[in-house]
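Visitor: Numbered by the UniProt record's numbering, the letters in the sequence shown go through residues 1 to 391 in order. Here it is: the structure, laid out below.
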Amino acid sequence: MNESQAQKFDVLIVGAGAAGLMCAIEAGKHGCRVALLDHAERPGKKILISGGGRCNFTNRHTRPENFLSANPHFAKSALARYTPSDFLALVERHGIAWHEKHLGQLFCDRSASDVVQMLLRECAEAGVRIFCSTEIETVSRDDAFHLRTSRGEFHAPALVIATGGLSIPKMGATGFGYEVARQFGLKIVEPRPALVPLVFSSADQARWCDLAGVSTEVVAAIGRQRFTEKMLVTHRGLSGPAVLQISSYWREGEAIEFDLAPKMDATAELRAPQARRESAALRTSLRTILPHRLADRWMEVYSPSGWSTAALAEWEKRLHRWNVVPETTEGYAKAEVTAGGVDTGELSAKTMESRVPGLFFIGEVVDVTGHLGGFNFQWAWASGAAAGRSI
Ligand code: FDA
Numbered sequence: 001m002n003e004s005q006a007q008k009f010d011v012l013i014v015g016a017g018a019a020g021l022m023c024a025i026e027a028g029k030h031g032c033r034v035a036l037l038d039h040a041e042r043p044g045k046k047i048l049i050s051g052g053g054r055c056n057f058t059n060r061h062t063r064p065e066n067f068l069s070a071n072p073h074f075a076k077s078a079l080a081r082y083t084p085s086d087f088l089a090l091v092e093r094h095g096i097a098w099h100e101k102h103l104g105q106l107f108c109d110r111s112a113s114d115v116v117q118m119l120l121r122e123c124a125e126a127g128v129r130i131f132c133s134t135e136i137e138t139v140s141r142d143d144a145f146h147l148r149t150s151r152g153e154f155h156a157p158a159l160v161i162a163t164g165g166l167s168i169p170k171m172g173a174t175g176f177g178y179e180v181a182r183q184f185g186l187k188i189v190e191p192r193p194a195l196v197p198l199v200f201s202s203a204d205q206a207r208w209c210d211l212a213g214v215s216t217e218v219v220a221a222i223g224r225q226r227f228t229e230k231m232l233v234t235h236r237g238l239s240g241p242a243v244l245q246i247s248s249y250w251r252e253g254e255a256i257e258f259d260l261a262p263k264m265d266a267t268a269e270l271r272a273p274q275a276r277r278e279s280a281a282l283r284t285s286l287r288t289i290l291p292h293r294l295a296d297r298w299m300e301v302y303s304p305s306g307w308s309t310a311a312l313a314e315w316e317k318r319l320h321r322w323n324v325v326p327e328t329t330e331g332y333a334k335a336e337v338t339a340g341g342v343d344t345g346e347l348s349a350k351t352m353e354s355r356v357p358g359l360f361f362i363g364e365v366v367d368v369t370g371h372l373g374g375f376n377f378q379w380a381w382a383s384g385a386a387a388g389r390s391i
């Protein structure tokens, strides 16, 4: 395609996921000519599979503390200017039925496709042009940005990168955003899988993994970061909300501490003056706290060293401070998100523009990662809106 056939816009957005769609809507609403490009055959594929097909589209209790980043202050500005209530107002304006699950998590009643349809209607109203099945071959810049693609050339003075992280490569995730950042000399915080199941060492797999499917409420902690939710034993290690949450903070070689009996005292009855101090009594007590199979296995693996009060206290302590050093994680194939990404030191917290004028990064490609529970979409909406309004 020669220069005369090249398509000129005010802004090119690469990645028609949550962040890219929101950015396109906001930029289009104030009159920008917007091209939204994606290599996938349709927009919003991750939204469609999110929240078990119902899309946990935001969280009412969104606070900066719900996000990890090398700079914990970076997300504050965008989150304050596009809030969960703003997104909820949009959802309600489109007549989408929703409900609140526990901990402020908001889901569609019907299907995640309601959210995608809503965003596409908003894009159409804002005059956004969407180009799917479009491979980006090269990115260059002189007085404007130029994309050479499988659908010809696109030019614009502003380029927004919204290509997400590396999670779920089979759905089309790529490192494109990081490559563009590097091309323009911007720093990257090393990406790593987050909200991801953990893999036990082989010794722990032999001890626990035949219990796959058993789950129990725990506190999972690394340092001062603590999550009280369910833990699930899997065929290779641990998962469940508590484990996914703490996985975002975990680094190889580190221990995770689990309290398997939060706020409970398994040995209280045995410590009473007339109590029978023996395995059967302890097992019976533990079975009131843990699922039976897990209680029985715990007794096999960690029987008390004796029946003195000190020995019982030692045994009780392990139940509340079980240290696990995972071997690794299940990797990007199973990770819900990617932590790390474009260094926030390179970006304006207000507009998401990088120190390369006209080049923006939004959504998961940025080094801002939410906890489980609708926070990652809220970051996508908020950072997308911040960029879209400023272009
Ligand atoms: P996103 O990944 O959504 O979009 C990136 C887009 O860029 C894609 O359309 C992709 O095709 C495109 N792209 C990538 N490389 C490209 C290239 N080289 N050329 C052109 N296009 C390219 N979060 C939450 O808050 N609530 C939830 O319920 C869930 N549930 C959930 C379930 C599962 C299974 C996963 C994997 C993830 C979630 N998440 C979630 C996380 C959430 O989906 C995620 O954080 C956001 O989708 C990130 O939005 P982005 O727009 O940044 O990236």
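Just so it is clear, CB atoms sit at the ideal spot from N, CA and C, and this is done for glycine as well. Here the structure is a predicted model, which is why all the values come from computation and not from measurement.
Given 7 Å as the limit, tell me if T83 has its C-beta closer than that to any heavy atom belonging to the ligand FDA.
Guide: One-based indexing of the sequence shown puts residue 83 at position 83. No, the beta carbon of T83 sits no closer than 7 Å to any heavy atom of the ligand FDA.
Visitor: List, from N- to C-terminal side, the beta strand (DSSP E) runs of 3 residues or more that fit wholly inside the UniProt domain "RsdA/BaiN/AoA(So)-like insert" (192-337).
Guide: 215-222, 225-233, 237-239, 256-259, 322-324
Visitor: Take every Cβ of the region 22-42, pair it with every Cβ of the region 123-138, and state whether three or more of those distances are shorter than 8 Å.
Guide: yes
Visitor: When you compare only the Cα positions, how much space is there between L90 and A203?
Guide: Position 90 of the sequence shown holds residue 90. Position 203 of the sequence shown holds residue 203. Rounded to whole angstroms, L90 and A203 show a C-alpha spacing of 51 Å.
Visitor: Using only the alpha-carbon positions, how far apart do G223 and L244 sit?
Guide: Translated into positions along the sequence shown, residue 223 becomes position 223. Translated into positions along the sequence shown, residue 244 becomes position 244. Spanning the two alpha carbons is a distance of roughly 16 Å.
Visitor: Hey, would you say G177 sits closer than 8 Å to F9, going by beta carbons?
Guide: Position 177 of the sequence shown holds residue 177. Position 9 of the sequence shown holds residue 9. Not in contact: G177 and F9 (Cβ atoms no closer than 8 Å).
Visitor: Roughly how many angstroms separate the alpha carbons of A266 and F258, rounded to a whole number?
Guide: Reading the sequence shown from its first residue, position 266 is the one you call residue 266. Reading the sequence shown from its first residue, position 258 is the one you call residue 258. Whole-angstrom Cα-Cα distance: 15 Å.
Visitor: Please name the residue, chosen from A386, A385, V366, F377, that lies closest to G165 on a Cα-to-Cα basis.
Guide: In the sequence shown, residue 165 corresponds to position 165, counting from 1. Of the listed residues, the one whose Cα sits closest to G165 is V366.
Visitor: Between the C-alpha atoms of A19 and I161, what's the straight-line distance to the nearest angstrom?
Guide: Taking the first residue of the sequence shown as 1, we reach residue 19 at position 19. Taking the first residue of the sequence shown as 1, we reach residue 161 at position 161. Approximately 9 Å, taken between the alpha carbons.
Visitor: Which parts of the region 16-78 are runs of the beta strand (DSSP E), unbroken and 3 residues or longer, counting only runs that do not cross its ends?
Guide: DSSP runs (the beta strand (DSSP E)) wholly in the region 16-78: 34-37, 56-59.
Visitor: In its own chain, which residues sit with a C-beta less than 7 Å from the C-beta of K29, not counting the 5 before and 5 after it?
Guide: Reading the sequence shown from its first residue, position 29 is the one you call residue 29. Only A126 meet the Cβ criterion.
Visitor: Bridge partners for K8 per DSSP, in chain order?
Guide: As a working note, residue 8 is residue 8 in the sequence shown. Partner(s): H155.
Visitor: How big is the Cα-Cα spacing for A112 and L120?
Guide: Within the sequence shown, numbered from 1, the residue matching residue 112 stands at position 112. Within the sequence shown, numbered from 1, the residue matching residue 120 stands at position 120. Rounded to the nearest angstrom, the two C-alpha atoms are 13 Å apart.
Visitor: In this structure, does DSSP put S140 in helix, strand or coil?
Guide: Numbered from 1 along the sequence shown, position 140 holds the residue referred to as residue 140. It is a strand residue.
Visitor: Which value, in whole angstroms, describes the spacing of the CA atoms of A382 and G240?
Guide: Translated into the one-based positions of the sequence shown, residue 382 becomes position 382. Translated into the one-based positions of the sequence shown, residue 240 becomes position 240. Distance between the alpha carbons of A382 and G240 is about 27 Å.
Visitor: Which of the three DSSP states is assigned to E125 in this structure?
Guide: In the sequence shown, residue 125 corresponds to position 125, counting from 1. Helix at E125.
Visitor: Quick check on this structure: which residue in S303, A75, G213 has the alpha carbon closest to the alpha carbon of S279?
Guide: Here residue 279 refers to the residue found at position 279 of the sequence shown. With distances taken between Cα atoms, S279 lies closest to S303.
Visitor: Taking the C-alpha atoms as reference points, what is the distance between I49 and V301?
Guide: Here the question's residue 49 lines up with position 49 in the sequence shown. Here the question's residue 301 lines up with position 301 in the sequence shown. Going by the C-alpha atoms only, they are around 39 Å apart.
Visitor: Assuming A386 and Y82 form a contact by the criterion Cβ under 8 Å, report the distance between their Cβ atoms to the nearest whole angstrom.
Guide: As a working note, residue 386 is residue 386 in the sequence shown. As a working note, residue 82 is residue 82 in the sequence shown. At roughly 7 Å, the Cβ-Cβ gap stays under 8 Å, so A386 and Y82 are in contact.
Visitor: Measuring alpha carbon to alpha carbon, tell me which residue in S308, A255, H292, S247 is nearest A275.
Guide: Position 275 of the sequence shown, counted from the start, is the residue given in the question as residue 275. Residue S308 is the option with its Cα nearest to A275.
Visitor: Of all the options E190, E314, C132, A310, which has the alpha carbon lying nearest to the alpha carbon of H39?
Guide: In the sequence shown, residue 39 corresponds to position 39, counting from 1. For H39, the nearest C-alpha among the options comes from C132.
Visitor: Nearest to F74 by alpha carbon, out of G345, G373, K46?
Guide: Numbered from 1 along the sequence shown, position 74 holds the residue referred to as residue 74. Closest by alpha carbon: G345.
Visitor: Measure the Cβ-Cβ separation of S248 and M231 and say whether it is below 8 Å.
Guide: One-based indexing of the sequence shown puts residue 248 at position 248. One-based indexing of the sequence shown puts residue 231 at position 231. No, the pair does not count as a contact, with Cβ atoms beyond the cut-off.
Visitor: Flag this pair as touching only if the region 340-354 and the region 62-78 have three or more C-beta atom pairs under 8 Å; answer yes or no.
Guide: yes
Visitor: State the beta-bridge partners of A339 as determined by DSSP.
Guide: For the purposes of this step, residue 339 is identified with residue 339 of the sequence shown, where counting begins at 1. DSSP output for A339 lists R192 as bridge partner(s).
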